[in-house]
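In UniProt numbering, the protein residues as written are 1 to 113.
All C-beta atoms in this analysis are idealised placements derived from N, C-alpha and C, irrespective of residue type, glycine included.
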Amino acid sequence: ERCEEDRTAYQAFVGEHYPPETLVFVDESACNQHAARWKMGWAPKGNRAYRHDFFVRGTRFSILPAISLNGVLHLDILTCSWTGDQYKDFINALLDNMNPYPQRNSVIVMDNA
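Here it is in structure tokens:
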């Protein structure tokens, strides 16, 4: 992801060799209550948008979905950061929803987690 040239070459390789219906994408993300707040908002013309709120960061959620053209195949949500063992458990559980190549949902695409 850091090298634009490598990323472009990888995307071209996947696009040329794997039909879209075979691909399942896995990528972790995290959020908390504070992360959901917008820096911008809507207000009547000529008025400033504002919001009064207490600063409460809240619980941090780490989400790990597996998404295909069919939608979400598998999903885990934790209130801590993912460990290597938890990630392996996720992949093993995801494999129950996968098919042999070249069937639909048969190729896992993930970052360098």
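Contact under 8 Å by Cβ, residue i with residue j
i: Asn32; j: Thr59; result: yes
Nearest-angstrom Cα separation, counted from residue j out to residue i
i: Val14; j: Leu95; result: 20 Å
i: Tyr10; j: Phe61; result: 30 Å
i: Gly84; j: Ile91; result: 11 Å
i: Gln103; j: Pro20; result: 11 Å
i: Ile108; j: Leu23; result: 6 Å
i: Ala66; j: Glu4; result: 24 Å
i: His17; j: Gln86; result: 30 Å
i: Val72; j: Ala12; result: 24 Å
i: Asp111; j: Leu64; result: 12 Å
Cβ neighbour criterion (16 or more within 10 Å) applied to residue i
i: Ser29; result: exposed
Endpoints, the beta strand (DSSP E) within which residue i is located
i: Asp76; result: Gly71 to Leu78
i: Ala43; result: Neither: Ala43 is in no beta strand (DSSP E) and is coded neither H nor E.
Residue i: CB within 7 Å of a non-hydrogen atom of the ligand GTP
i: Asp6; result: Inclusion of the ligand GTP in the displayed structure is not the case, the ligand content being empty and no account of it being possible.
Taking 8 Å as the threshold, find out whether the region 79 to 93 comes into contact with the region 43 to 52 through three or more Cβ pairs. no
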